[in-house]
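Input: a single structure, listed below in structure tokens.
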DNA sequence: GGGTCTTGAATACGTCGTACTTCATGGGTT
DNA sequence: AACCCATGAAGTACGACGTATTCAAGACCC
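Residue numbers (the working numbering), protein chains in the order written: chain A, 1147 to 1382; chain B, 1147 to 1382.
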């Protein structure tokens, strides 16, 4: 029985969950060379395991492996910042607020357009799901139920992005989820959500249901603008 | 020995460049199981090499490796569609026009916002680069110089995305480049670029230089709208 | 008899250790 | 300065064993 607590995945996954965050956090500055033998000893695993982990890191453009040199850490500008794992690691790391801001800007660009498309393509089932979660947000918007509120909030945006019918938008729901949970856990947990935001969500659901694309887009733009304003208040 | 011609990278990279496109093209439908030993024999490489390639494929969520069952191809909805390599493979595959459309929609959401931000954050050097490429587009917009035009077009959008100051936007320049090159190579190569689009680029460069964010955003929105309309005309 | 549970063998991935190959790099030679 | 060679670390290969997961045969209960 392993008391590692790091889950029961393979060894390479454990190495990855250790090296990835370390690199994205800046523990190994760009240009640092990591030798596979050295890593194998440090993690008490075979070189094979290290190599597989390094391959994944390499596919994220976090490192570059070159003969006779070693595994060198690449500069942050080259990282695959859209990889969900990289996003997670950076969000857990040092400059999470900077990362949160970048992602919120991305949201503010994408979500309004996605909502507009959703108004044109959403199925009745998706519309029902949308109003359901909007009502769930209303029901949990008062009285320290932030966790329950968050669930509905995330689900709402996930449905919107999915209903847009664009796969690139749909795959961003994980990013939005990360931003929303990060936002919630970063706030002091004693303030209820902004009532105006709750109302906006209800109205977005309605606009999408009635096929009013322009209205859905404009309302979502208000939501994301609110999210950005919120960041400006709580930003370090 | 090897007359593969597939470049001088490592063996795992060669396996990847063969398996990746095959999967994204749908040659191995979701649910297909690939055994490592079988792959090792098919590619005449050791299981180690196959395992490293599979790790990368797994990190792209193209496949899932489970004990006692094998490497199973995952459904397309779970693929990491933001991975540049996945984008490239899909763009080279069967439904490239569908992919092109998805990416163009993404562009139309992101680029206008990025241009607006660029108007606020662009450095003088970036402004110079911008006007330089805009003029380059003008110079190459007539007389079958599509390749030269494309270089300036790609560079223009790369600078805009970079100048936005948002790393998530900046990293999308590869995607835009893929879309633009795909668009050009997909068209009949005998039609010069739309003069209106060229003018718009010049005006965007000017708007960013003068710090007129709203104008830069609106003009870029016109550019992306034009790109979408262009797709509707040439779509199969 | 039909259905559920237990048990055990088969199997394909996971990990390991070792030996060998391949070249970028750096230094020494001409 | 041009060239060549020794070096070192990643790349590849192979064989062995570990381990979880599946599937089916058989025991057991209803």
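Backbone N, C-alpha and C define an ideal beta-carbon position, used for all residues, glycine too.
Open item on the list: Helix, strand or coil, according to DSSP, for residue 1156 of chain A in the structure here?
Closed with: coil
TODO: Please compile the residues from chain A whose C-beta is within a distance smaller than 9 Å of the C-beta of residue 1158 of chain B.
DONE: 1201
Open item on the list: Tell me whether the stretch 1263-1282 of chain A and the stretch 1319-1330 of chain A touch, counting them as touching only if at least three CB pairs, one residue from each stretch, are closer than 8 Å.
Closed with: no
TODO: Could you check the C-alpha separation between residue 1377 of chain A and residue 1250 of chain A for me, to the nearest Å?
DONE: 9 Å
TODO: State yes or no: is the C-beta of residue 1208 of chain B within less than 8 Å of the C-beta of residue 1196 of chain B?
DONE: no
TODO: Within 10 angstroms of the Cβ of residue 1188 of chain B, are there 16 or more other Cβ atoms? Answer buried if so, exposed if not.
DONE: exposed
Task: Length of the line joining the Cα atoms of residue 1162 of chain A and residue 1194 of chain B - done: 18 Å
Open item on the list: On the DSSP bridge list, what partners appear for residue 1212 of chain A?
Closed with: A/1216
- [ ] Verify whether the separation of the beta carbon atoms of residue 1287 of chain B and residue 1341 of chain B is less than 8 Å.
- [x] yes
Task: Chain-order list of residues whose beta-carbon lies under 7 Å from that of residue 1343 of chain A (same chain, five-residue window excluded) - done: 1369, 1372
- [ ] Work out the CA separation of residue 1182 of chain A and residue 1166 of chain B for me, nearest whole Å.
- [x] 26 Å
Open item on the list: If distances are taken between C-alpha atoms only, which option among B/1228, B/1174, B/1266 comes closest to residue 1356 of chain B?
Closed with: B/1266
- [ ] Measure from the C-beta of residue 1208 of chain B to each C-beta in chain A and report whether the shortest distance is under 8 Å.
- [x] no
- [ ] Taking 8 Å as the threshold, find out whether the stretch 1289-1301 of chain B comes into contact with the stretch 1230-1240 of chain A through three or more Cβ pairs.
- [x] no
Open item on the list: Considering only the alpha carbon of each residue, which of A/1210, A/1308, A/1160 lies closest to residue 1221 of chain A?
Closed with: A/1210
Open item on the list: Looking only at its chain, what residues have a beta carbon closer than 7 Å to the beta carbon of residue 1366 of chain A, apart from the 5 residues adjacent to it on each side?
Closed with: 1257, 1258, 1261, 1350
Open item on the list: If you follow the alpha helix (DSSP H) that residue 1348 of chain A is in, where does it begin and where does it stop?
Closed with: 1341-1355
Open item on the list: Can you pull out the residues from the stretch 1237-1256 of chain B whose beta carbon lies closer than 8 Å to at least one beta carbon of chain A?
Closed with: 1248, 1249, 1251, 1252, 1254, 1255, 1256
Open item on the list: Would residue 1286 of chain A pass as an interface residue toward chain B - the criterion being a Cβ-Cβ separation below 8 Å?
Closed with: no
Open item on the list: Along the stretch 1302-1319 of chain B, where does the CB come closer than 8 Å to a CB of chain A? Name the residues.
Closed with: 1312, 1313, 1314, 1315, 1316, 1317
Open item on the list: Comparing C-alpha positions only, which one of A/1242, A/1160, A/1180, A/1156 sits nearest to residue 1380 of chain A?
Closed with: A/1242
Open item on the list: Helix, strand or coil, according to DSSP, for residue 1203 of chain B in the structure here?
Closed with: helix
Open item on the list: Would residue 1171 of chain B and residue 1244 of chain B qualify as a contact pair, given that the criterion is a beta-carbon distance under 8 Å?
Closed with: no
Open item on the list: Between residue 1229 of chain B and chain A, is the shortest Cβ-Cβ distance under 8 Å, so that the two count as touching?
Closed with: yes
Task: C-beta contact flag for residue 1237 of chain B and residue 1311 of chain B at 8 Å - done: no
Open item on the list: Need the endpoints of the alpha helix (DSSP H) that residue 1322 of chain A sits in, please.
Closed with: 1319-1332
- [ ] Look at the Cβ atom of residue 1358 of chain B, then the Cβ atom of residue 1326 of chain B, and state whether they are nearer than 8 Å.
- [x] no
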